[in-house]
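Chains G and A supply the protein sequences, listed in that same order. Just so we're aligned: the first sequence equals residues 1 to 178 in our numbering. Just so we're aligned: the second sequence equals residues 179 to 346 in our numbering.
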Amino acid sequence: MKRIAVFIPLAIFAGFAVALWLGLSNDPTHIPSVLIDKPMPPFELAPVVPGQRGLSHADLKGRVSLVNVFGSWCGVCTEEHPTLMKLAANRTIAIYGIDWKDTPADGAKWLAEHGDPYIRVGNDETGRTALDLGVTGAPETFVVDRNGKVRYKQIGAITDTVWHDTLAPLVAKLEAER
Amino acid sequence: MNRRILLKILAALVLVQGLAVQAAFAVLPDEMLPDAGQEARAVALSKNLRCVVCQNQNIDDSAAPIARDMRLLLRERIAAGDTDDKAVAYLVQRYGNYVLLKPPFQTDTILLWISPFAVLAIAAIGFFVSIRNRRSIATGKPLSASERQQLERLLNATPKSGSGTPKS
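1. Can you have a look at residue 201 of chain A and say buried or exposed, based on whether 16 or more other CB atoms are within 10 angstroms of its CB?
2. Can you have a look at residue 305 of chain A and say buried or exposed, based on whether 16 or more other CB atoms are within 10 angstroms of its CB?
3. Who are the Cβ neighbours of residue 56 of chain G in its own chain at under 6 Å, not counting the five residues just before and after it?
4. Going by DSSP, which residues form a beta bridge with residue 195 of chain G?
5. Are the beta-carbon atoms of residue 69 of chain G and residue 135 of chain G separated by less than 8 Å?
6. Considering only residues of the segment 26 to 80 of chain G, which uninterrupted alpha helix (DSSP H) runs meet the minimum length of 4 residues and lie entirely inside it, listed in chain order?
7. Give the list of continuous alpha helix (DSSP H) stretches no shorter than 4 residues that lie fully inside the segment 239 to 272 of chain A.
8. Under 7 Å Cβ to Cβ from residue 119 of chain G, same chain only, skipping five residues before and after it: list those, please.
9. My guess is that residue 121 of chain G and residue 99 of chain G are in contact by the Cβ rule of under 8 Å, so how many angstroms apart are they, rounded?
10. Under 7 Å Cβ to Cβ from residue 62 of chain G, same chain only, skipping five residues before and after it: list those, please.
11. Are the segment 105 to 117 of chain G and the segment 140 to 160 of chain G touching, with three or more C-beta to C-beta distances below 8 Å?
12. When DSSP labels each residue in this structure, what does residue 140 of chain G get in the three-state scheme?
13. Measuring only the C-alpha atoms, how far is residue 274 of chain A from residue 302 of chain A?
14. If you drop the 5 nearest sequence neighbours on each side, which residues of the same chain put their C-beta closer than 6 Å to that of residue 154 of chain G?
15. Using a Cβ-Cβ cutoff of 7 Å, what residues of the segment 97 to 116 of chain G are near chain A? List them in chain order.
16. Over what stretch of residues does the beta strand (DSSP E) that includes residue 127 of chain G continue unbroken?
17. Among A:323, A:331, A:308, A:335, which has the Cα closest to the Cα of residue 5 of chain G?
18. Please report the straight-line C-alpha distance between residue 26 of chain G and residue 18 of chain G, rounded to a whole angstrom.
19. Could you tell me which residues DSSP pairs with residue 121 of chain G in its beta bridges?
20. Rounded to whole angstroms, what's the CA-CA distance from residue 39 of chain G to residue 10 of chain G? Just pull it up for me.
21. Report buried or exposed for residue 321 of chain A, applying the criterion of at least 16 other Cβ atoms within 10 angstroms of its Cβ.
22. Do residue 227 of chain A and residue 236 of chain A have their C-beta atoms within less than 8 Å of each other?
23. At a CB-CB cut-off below 7 Å, which residues of chain G make contact with residue 247 of chain A?
24. Give the residues of chain A in contact with residue 166 of chain G, contact being defined as C-beta atoms less than 9 Å apart.
25. Hey, is residue 136 of chain G's beta-carbon within less than 8 Å of any beta-carbon in chain A?
26. Roughly how many whole angstroms lie between the Cα atoms of residue 124 of chain A and residue 287 of chain A?
27. Against residue 28 of chain G, what residues of chain A qualify as contacts under a CB-to-CB distance less than 8 Å, listed in chain order?
28. Assuming residue 37 of chain G contacts residue 173 of chain G under a Cβ cut-off of 8 Å, what Cβ separation, rounded to an integer in Å, is found between them?
29. Determine the chain G residues that contact residue 243 of chain A at a beta-carbon separation under 8 Å, and present them in chain order.
30. Counting only beta-carbon atoms, is residue 266 of chain A nearer than 8 Å to chain G?
Below, the structure written as structure tokens:
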């Protein structure tokens with residue numbers, strides 16, 4: 001018994017070491033969203049492209065969709081964009097855009113340059129809606145179910161891998177829900 | 179000639195100093211509330227709110243655009259008449275407890291708060307148990323006859339030739 005007791009501190013240390021070691025693989029920039037399983041907070045955004053319609057939380061009901069937060073100033077968004085273009089071209093999923101901390105003119109120019117995969121884009125120049133959504137950076141993408149509830153937040157770019165491994169299975173699951 | 183160079187260096191130093199001072203204040207004048215009391219409350223609350231992109235900085239110190247947005251939102255709530263708790267809760271509602279530099283004491287943070295005290299208690303218990311064991315060894319029963327003999331033998335054993343303390 002006493003022999004074993006000698007090893008208790010070592011065991012405690014080992015437990016801490018393993019827990020902290022595992023903690024190292026957590027990405028501290030991935031702040032868990034408090035919106036998960038909650039309805040999208042109400043917002044009403046002006047259009048980016050003149051003549052088109054803006055974006056409101058009410059638009060997100062009826063089908064499973066992605067709400068992508070981007071900005072013309074955001075480099076990673078440019079890297080992510082081809083994947084979104086592909087998803088839109090294949091009609092894989094409805095994608096909405098929030099042009100964050102950007103002038104409508106810059107946003108429209110960026111969309112003209114890189115293509116527009118969004119069904120609707122709203123301009124959030126003040127960043128107020130992004131605050132309501134708990135956005136910490138761009139790109140960020142919310143997966144919204146057909147009832148307008150947020151089910152997942154992708155922090156960082158949607159690459160082809162992220163789509164296939166994480167988002168596509170989730171979207172399929174949400175689409176199967178009634 | 180020398181004086182001109184000296185003046186130039188001095189001017190450069192003043193400029194650098196000015197920039198440094200500017201960088202030290204993230205809160206820009208246009209953000210501040212006109213009411214000094216409300217502004218002081220906002221600053222005090224900002225110091226306990228975490229900037230969500232520069233995570234070990236509070237929003238009062240951070241020059242990140244999103245920290246500025248958070249400061250403005252906080253001031254908006256205070257100007258609207260929110261209490262300190264309500265204004266902070268408004269941000270927590272959006273970003274979660276993550277924005278609080280001091281995590282609240284609640285069910286999912288119990289481990290975080292009590293584990294240092296638990297470890298201390300375990301260590302204290304271990305310490306006292308080992309002290310007690312040691313004392314019981316010291317005041318234990320006297321040596322048995324065979325143990326006494328063994329001790330005697332060890333004490334009287336003469337070192338073999340060649341060993342022993344080295345001579346200087």
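Backbone N, C-alpha and C define an ideal beta-carbon position, used for all residues, glycine too. Computed from a predicted structure; not experimentally measured.
Here's the rundown:
1. Low confidence applies here, because residue 201 of chain A scores a pLDDT of 47, under 50, leaving its location unreliable and the question unanswered by this model.
2. exposed
3. 44
4. Limits of chain G in this structure are 1 at one end and 178 at the other, which puts residue 195 of chain G out of reach.
5. yes
6. none
7. 243 to 257
8. 94, 95, 96
9. 6 Å
10. 146
11. no
12. strand
13. 36 Å
14. 141
15. 101
16. Segment: none, residue 127 of chain G is in no beta strand (DSSP E) and carries neither H nor E.
17. A:308
18. 13 Å
19. G:97
20. 47 Å
21. exposed
22. yes
23. 127, 131
24. The contacting residues do not exist; residue 166 of chain G stays about 21 Å from chain A at best.
25. yes
26. Nothing can be reported for residue 124 of chain A: it is not among the residues displayed for chain A, which extend from 179 to 346.
27. 233
28. At roughly 14 Å, the Cβ-Cβ gap does not stay under 8 Å, so residue 37 of chain G and residue 173 of chain G are not in contact.
29. 101, 127
30. no
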